[in-house]
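In our numbering, the protein residues as written are 2 to 247.
Think of the CB as a built atom: it goes at the ideal place given N, C-alpha and C, for glycine as much as any other residue.
Heads up: the structure comes next, in structure tokens.
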């Protein structure tokens, strides 16, 4: 699972203060407010529930921008699992069943019910759009005091919707649907906080559904430090059994 010390929630915006903007301007503002960093070290509380099992580990997430994402999950101070994600592959091992995985992004894609790659995972964690909004034309409107973006032309068999906060132009919600597959991914950014003078997610709520199956992942950033020196120790223990994905 992909799975600030000074916290500050998103400011409320009154209904009359939102200025109507063209889609291009909203998108430009979104990328102008992209979180600027080279490395990131965050302490996170994660809650996972897929209807069959649930757990709530403490997680450390480290990033080197555009290069690697390192995740370490602990419960009661004991390391349960580690993962290392690069643009080329996903690797992880877990100590409960002594298993490991090394391969492409199909594993993560199956967990969240949509095709993922390194950039999408990184953008999800930072409160940015999963897709490059500059590559397409969008219509804009105001919905519930927030900006709504919808593609003028949808991808085949795929529907997308983006809701942005008017005060920081970060994602408030993004939804990806595959109607024929009866699959839906909803990512809600419930609040933001300040990391230095930049806006960074505080709480992320992810819900992935396929048919009647539902997976919920809640991410709460407890602390965020950026541009500090970080390490990415990762070695699969000997004797672990490899997990294969059909």
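Is the region 202 to 210 in contact with the region 174 to 188, if contact means three or more CB pairs nearer than 8 Å?
yes
Whole angstroms is fine: what's the gap from residue 232's alpha carbon to residue 195's?
24 Å
For residue 28, three-class secondary structure by DSSP:
helix
Can you say whether residue 64 is buried or exposed, counting buried as having 16 or more other CB atoms within 10 angstroms of its CB?
buried
Please report the residue range of the alpha helix (DSSP H) in which residue 119 lies.
119 to 127
Assigned exposure category for residue 79 - 16 Cβ within 10 Å defines buried
exposed
Is the number of C-beta pairs between the region 19 to 28 and the region 139 to 150 that are closer than 8 Å three or more?
yes
Own chain residues within Cβ distance below 8 Å of residue 10, not counting five before or after:
For residue 10, the pLDDT reaches just 38, beneath the cut-off of 50, and the residue's location in the model is therefore unreliable, leaving the point undetermined.
Where does residue 230 land, buried or exposed, given buried means 16+ other C-beta within 10 angstroms?
exposed
Looking only at DSSP bridge pairs, what is residue 41 linked to?
64 and 227
Residues that DSSP places opposite residue 181 in a beta bridge:
The partner list for residue 181 (beta bridge, DSSP) is empty, contrary to what the question assumes.
For residue 176, collect the residues of the same chain with a Cβ closer than 6 Å to its Cβ; drop the 5 residues on either side in sequence, then sort them by chain order.
162 and 187
Contact set for residue 50: own chain, Cβ-Cβ below 6 Å, skip 5 residues either direction
217
Check for me: the beta strand (DSSP E) holding residue 152 runs from which residue to which?
147 to 152
Output needed for residue 199: all residues of its chain with C-beta closer than 7 Å, excluding positions within five of it in sequence on either side, in chain order.
36 and 37
Can you check which of these residues, 52, 167, 34 and 126, is closest to residue 255 by C-alpha distance?
What the structure shows of the chain is the stretch from 2 to 247, and residue 255 is not part of that stretch, so it cannot be assessed.
Please report the straight-line C-alpha distance between residue 94 and residue 106, rounded to a whole angstrom.
15 Å
Residues near residue 8 by beta carbon distance below 7 Å, same chain, minus five either side:
For residue 8, the predicted structure reports a pLDDT of 34, less than 50, and the residue's modelled location is therefore unreliable. A value from the coordinates is still provided. Closer than 7 Å at the Cβ level, and outside the excluded window around residue 8, lie 194 and 203.
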